[in-house]
Amino acid sequence: MSASPLNTSAASVSVLLQELFPLCRSLTGPGNRETLARLQRLIPLTVHEYPSGTQVYDWVIPKEWKPKAGSVKGPDGRVLIDFAENNLHLVGYSAPVAGQFSLEELRPHLHWLDNAPEAIPYRTSYYKEDWGFCLSRKQFEERFAPYGPEARFTVTIDTALEAGSLSVGELLIPGETSQEVLLSTYFCHPSLANDNLSGVVLTAFLAKELLARKNKYSYRIVFVPETIGAVAYCAHNEAAMQALDCGFVITCVAGRGPWGFKGSIHGEHRINRVVETVLREFEQPVLRYPFDPHGSDERQYSSPGFRINTASITKDKYYEYPEYHTSLDTLDFISPEHLCTTLRMHLRALELLEDDVFYENVNPQCETMLSPRGLYPSAGGGMMPGTNTGAQLDSILWLLMLCDGATALPEIAKQANLSLQELRDMAAFLEGKGLLRKCAFPHVKKNNALAAGRYEHK
Amino acid sequence: MSASPLNTSAASVSVLLQELFPLCRSLTGPGNRETLARLQRLIPLTVHEYPSGTQVYDWVIPKEWKPKAGSVKGPDGRVLIDFAENNLHLVGYSAPVAGQFSLEELRPHLHWLDNAPEAIPYRTSYYKEDWGFCLSRKQFEERFAPYGPEARFTVTIDTALEAGSLSVGELLIPGETSQEVLLSTYFCHPSLANDNLSGVVLTAFLAKELLARKNKYSYRIVFVPETIGAVAYCAHNEAAMQALDCGFVITCVAGRGPWGFKGSIHGEHRINRVVETVLREFEQPVLRYPFDPHGSDERQYSSPGFRINTASITKDKYYEYPEYHTSLDTLDFISPEHLCTTLRMHLRALELLEDDVFYENVNPQCETMLSPRGLYPSAGGGMMPGTNTGAQLDSILWLLMLCDGATALPEIAKQANLSLQELRDMAAFLEGKGLLRKCAFPHVKKNNALAAGRYEHK
Amino acid sequence: MSASPLNTSAASVSVLLQELFPLCRSLTGPGNRETLARLQRLIPLTVHEYPSGTQVYDWVIPKEWKPKAGSVKGPDGRVLIDFAENNLHLVGYSAPVAGQFSLEELRPHLHWLDNAPEAIPYRTSYYKEDWGFCLSRKQFEERFAPYGPEARFTVTIDTALEAGSLSVGELLIPGETSQEVLLSTYFCHPSLANDNLSGVVLTAFLAKELLARKNKYSYRIVFVPETIGAVAYCAHNEAAMQALDCGFVITCVAGRGPWGFKGSIHGEHRINRVVETVLREFEQPVLRYPFDPHGSDERQYSSPGFRINTASITKDKYYEYPEYHTSLDTLDFISPEHLCTTLRMHLRALELLEDDVFYENVNPQCETMLSPRGLYPSAGGGMMPGTNTGAQLDSILWLLMLCDGATALPEIAKQANLSLQELRDMAAFLEGKGLLRKCAFPHVKKNNALAAGRYEHK
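Residue numbers (this note's numbering), protein chains in the order written: chain A, 3 to 460; chain B, 3 to 460; chain C, 3 to 460.
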């Protein structure tokens, strides 16, 4: 991958955000397929359908949910809550209902937030068949209070919960090497902008950018419903996922708060260094959330059987902003410009990851002959214009001495007490001269006792 | 092994101490067999006899020693020293003698301690044929001083030194797993209470306690004459001993001084942490003697060819109390109550060792589904009564993420910044739910170059 | 190798220095063969000839250079520069020339040092065919200034540059073990005393000393033209060179400045400790130059394909003294006495290297029986005269416990908190008793990813 200007405009981001925002996404269902179909107009996603009832590790693919309508009407026929008005009003995976209920009977099926009177909360009941409505506290107070205790409310939930399938979008972008980097986002949330329509849209445009570039690594880009989708994808691609070393879980990338990142499971993995470098380059404080097993799909990818080091670059990380998982997380909360900036951060991180090469000396035995290649300083000029030839020679000699295919440039810079940038430039130059050869990837040993067979069962 | 009340009473300890104290034990001989026979009434010891002359590594099993009588009489027929009075009076392995000696001739065969006038020292001459008597300085002064320089003393030592065998007691208590823990004590000392009748009696009652419990590990319990007995036992059980990872050498457990422990050869081995925890639980200062190659049978068990990490929990450690190896180390010096406390410490240490499990996630790929198992917090109550569900979820998620069968709970507690006790409880709970599986033992690599084949001979 | 008095006298060193100083050495040619022939009168060197045009790794053996004469004459016939006067006057590898030149034409072929008016610099043009003369600034000013701008100077360079061969001297001294230590020096510099006639002469006498001794290690001693000679030697002896663990590059050993040493590529390798010990023993400050990829033939030997840890003990290290690479680096600058001292330092370093043994316990299982070998302290005397028996027993027990063939004595001394010297003495004593066995060499894993196959190419 070579650094090049962003092809993505804030305007095109804005269009996609607005198109996708109203769709009612969930773990499964027509809103998900519409979302993927819309993305396919941007990037050549392959859509995989995993049938309901399929066992995926400890999980089972649930029935498909098709919400058509949902409302609560007062005894006077007034519509008090309507799914058509905001798809957050209907609890995700609500079963079909048609009947009349007293307020006392209805009450356990109504959800609001006591401390956020304007916000409709986001609720689901994926694995326990139930039904319900979400509304703001204010809506409840204004719309339900006028009725007396004997009032009967008409509930209509027109949904289907039936055998179907869970949809996953996948795009494999082959690079110069077969080593893959994972880019994963989740698209199961309905009309919530930062969490995680922003991540979906960023990932789509990131994929489009990568498609337009020549990449060193291959990229495995997946759009999954959170958790069950990631689990299902892992189960259907186990060997490929176990071969992954690192990547990103893309989530919450365009809010009003600060940029930050969640570190990967092994805090010393180079992906963390790469992200810290990006934040510094973008002149942002390095706000690092340490890895923990709460969170998003890194819970699947970092599990003992995979141990993929995934980080997340966020702008208003989930859990950290009050609008999180409510109807206040609207398109107004985020901005296409922020999204484009975080997109550039992701691209830059991938650039750095790809730049973070592991060279080996092509002629490992003894010194390479520098003078016939014009690499030995002579009076009056060095081998690269405008620089000090003595410092260049230092870089050349240290690189040829230490590049063994397993020592990264930052480590060489430290031992040689030289600038990383100069080493990087010189290494690229020496590669061009045929004196160093990049290794596609170092042989990283995963810190994974299960994979490594460190013990036997008794 | 499950924690349960001590079945051992101080009274029964006291009875056994009094029965065994008078017996004249040595490396071999009838006193040893009587001791083992008496222990067999308590626990089902197997007695192995290794014949005199058997080569065991660098050592040879010595002749069997059978002391019957030993005395020194004055020219007036007065009995000045009598083995029947205290078996410390006769130097261990004294050869038979019958004759008359001047005091000058006798002097090299008399041993006392200049700085402890009341104490009869404990002396042996196992590997150099010799004879002698031990007495207190006061006894010497009172009994021998009255005679003039021309006096002749009659020495009678009626012992046999002849082909026989060395007796070792062994009890294998099978546990849930075939992995063994070593419990070794030495019983070659005659009437010395703390060193080491206390260890012999503790080990016997410890064995009895373990027999009454359900244990996770298997226990290899051995009663050996110190050094030669341990060597002989290793030589006859080489493969089993090399398979051992850790254990205890049980010695000096009931004196008047402080509790303490001698660390194992690799100071970071978990057995040392376990013992420190026990001392803290018993509200004792953590008095730690670092490993050194002096001491007891850890010298054999920790040698390069075995490298078993053995610790010793002591009360008045050998070398550290003035009565050590003298007739002042009597039953009055120790107490059955102290012995019972140190017995409880050993039991507790074994409990902790057994508790120190290494879990693996049964479903290592991706997350385990928590909600159908009632493990996901819901409004109004958690999955375990009386506790905070958020903290519980933390423990669950961290455990499922990090349990790879090779990382111990204390390390997980550190990385997760959670309480070890909570993790322990939750891990047991998750094991009950079938989500974690205990590994019988981690695969510990012994720090043993010889065993590991780190080099070849040239 | 056992320590013994130096057979080398300053007088014999002085004779050899004076014989070799005037010879015109270079990468190749008759001066090199004369030098090796002269050394063969001292030590049984084998001379290898590598033909011009031979590819050796990235290099090609150059043509052979045979300088016969070289001069510049003024228009008045006066000889202004004459190779016969000082062989530094002629740039090494100058091509033949016969012609007349104006001063302007001649100027690029004249080399002096602006800031050292009395010094003739040392210059070569091995790999770019050229010609030239070196002279002091003062010589230039005095000899060329008198002529006017129209003067024509007659240049005569009578040299041959033709197919021949590069000569290398090699001496293999077998030791008790087949493990080799490298001793390498370079002899391509013409009349320069410290750099590196001193190293050549020291290496020759060091070889002679080693020939007279019984050595534990085998020594691979090589006299090579710097860089190309070392490269050619490695290429012709690849397997043997890859089997080497450590050694010395011998250079600049007899100047007026301080002793010091350049560390090896892995700063923790024991060769560095050994050299620091020698400097302390010789009551010199420990002046350590860290490894860097500039320097001498360690550039070849430490390259990724070999990773031999070579150090250099220097007296006035190259780069560090003003006379370096000029005609001021004469026999007056160095002294045979200094050379003999540095020779003793090298011998002492080799002694320490050979002393730095790795013992293994001959009886790794259980304790060795000490008393029948007279190793257990008894009243009135220890096993070694004049020493404290308790301390001796400590040393014995620690050594038998920790000697596993992979732990060096300094590490044992540290863990046991005992004096290294006492441990060393005791280990030798125990070896004599047949209780410890020296391992010829520890199995050192080279820190060399290429050699270790840590990664595969993609």
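Think of the CB as a built atom: it goes at the ideal place given N, C-alpha and C, for glycine as much as any other residue. In this text, all values refer to a predicted model and were calculated from it rather than measured experimentally.
Between residue i and residue j, is the Cβ-Cβ spacing less than 8 Å?
{"i": "residue 414 (chain C)", "j": "residue 196 (chain C)", "result": "no"}
{"i": "residue 395 (chain C)", "j": "residue 425 (chain C)", "result": "no"}
{"i": "residue 264 (chain C)", "j": "residue 232 (chain C)", "result": "no"}
{"i": "residue 437 (chain A)", "j": "residue 417 (chain A)", "result": "no"}
{"i": "residue 137 (chain B)", "j": "residue 108 (chain B)", "result": "no"}
{"i": "residue 259 (chain C)", "j": "residue 317 (chain C)", "result": "yes"}
{"i": "residue 60 (chain C)", "j": "residue 365 (chain A)", "result": "yes"}
{"i": "residue 261 (chain A)", "j": "residue 163 (chain A)", "result": "no"}
{"i": "residue 479 (chain B)", "j": "residue 175 (chain B)", "result": "Residue 479 (chain B) cannot be examined here, being either before or after the span of chain B that is shown, 3 to 460."}
{"i": "residue 126 (chain A)", "j": "residue 170 (chain A)", "result": "no"}
{"i": "residue 267 (chain B)", "j": "residue 168 (chain B)", "result": "no"}
{"i": "residue 189 (chain C)", "j": "residue 348 (chain C)", "result": "no"}
{"i": "residue 351 (chain C)", "j": "residue 255 (chain C)", "result": "no"}
Under 8 Å between C-beta atoms, does residue i make it to chain C?
{"i": "residue 389 (chain A)", "result": "Because residue 389 (chain A) sits at a pLDDT of 41, beneath the cut-off of 50, its placement in the model cannot be relied upon, and the point is left open."}
{"i": "residue 308 (chain B)", "result": "yes"}
{"i": "residue 10 (chain A)", "result": "no"}
{"i": "residue 386 (chain B)", "result": "Confidence at residue 386 (chain B) is low in this model, with a pLDDT of 39, below 50, so the placement of that residue is unreliable and no value is reported for it."}
Say yes only if the C-beta of residue i is nearer than 7 Å to one or more non-hydrogen atoms of the ligand ZN, and no if none qualify.
{"i": "residue 426 (chain C)", "result": "This structure lacks the ligand ZN, and indeed carries no ligand of any kind."}
Checking contacts by CB at 8 Å: is residue i closer than that to chain A?
{"i": "residue 113 (chain C)", "result": "no"}
{"i": "residue 302 (chain C)", "result": "yes"}
{"i": "residue 400 (chain B)", "result": "yes"}
With DSSP as the reference, please indicate the residues paired to residue i in a beta bridge.
{"i": "residue 136 (chain B)", "result": "B:113"}
{"i": "residue 261 (chain C)", "result": "C:317"}
{"i": "residue 363 (chain B)", "result": "B:438"}
{"i": "residue 173 (chain B)", "result": "B:223"}
{"i": "residue 188 (chain B)", "result": "B:226"}
{"i": "residue 103 (chain B)", "result": "B:155"}
{"i": "residue 92 (chain B)", "result": "B:135"}
For residue i, would you say it is in contact with chain B, using Cβ-to-Cβ distances shorter than 8 Å as the test?
{"i": "residue 296 (chain A)", "result": "yes"}
{"i": "residue 247 (chain C)", "result": "no"}
{"i": "residue 305 (chain A)", "result": "yes"}
{"i": "residue 406 (chain C)", "result": "yes"}
Continuous alpha helix (DSSP H) assignments of at least 4 residues falling wholly in the segment 25–76 of chain B: 32–42
So if I threshold CB-CB distances at 8 Å, which residues from the segment 361–376 of chain B count as touching chain A? 362, 363, 365, 366, 367, 368, 369, 370, 371, 373, 374
Please identify, using Cβ separations under 9 Å, the residues of the segment 424–442 of chain C that lie next to chain B, in order along the chain. 437, 439, 441, 442
Under 8 Å (Cβ pairs) to chain A, residues found in the segment 228–244 of chain C: 229, 232, 233, 236, 237, 240
Members of the segment 255–271 of chain A that neighbour chain B once the beta carbon cut-off is set at 8 Å: 267
4-residue-minimum alpha helix (DSSP H) runs that sit fully inside the segment 230–311 of chain C, ordered along the chain: 230–238, 240–244, 272–283, 300–303
Chain C contacts made by the segment 123–141 of chain B, where a contact means CB separation under 9 Å: 128, 129, 130
Got a sec: which bits of the segment 33–65 of chain A sit with their beta carbon under 7 Å from any beta carbon on chain B, in order along the chain? 59, 60, 61
Where are the alpha helix (DSSP H) runs, 4 residues long or more, that stay fully inside the segment 386–435 of chain C, in chain order? 391–404, 411–418, 422–434
Just by C-beta distance, which residues in the segment 331–352 of chain A are closer than 9 Å to chain C? none
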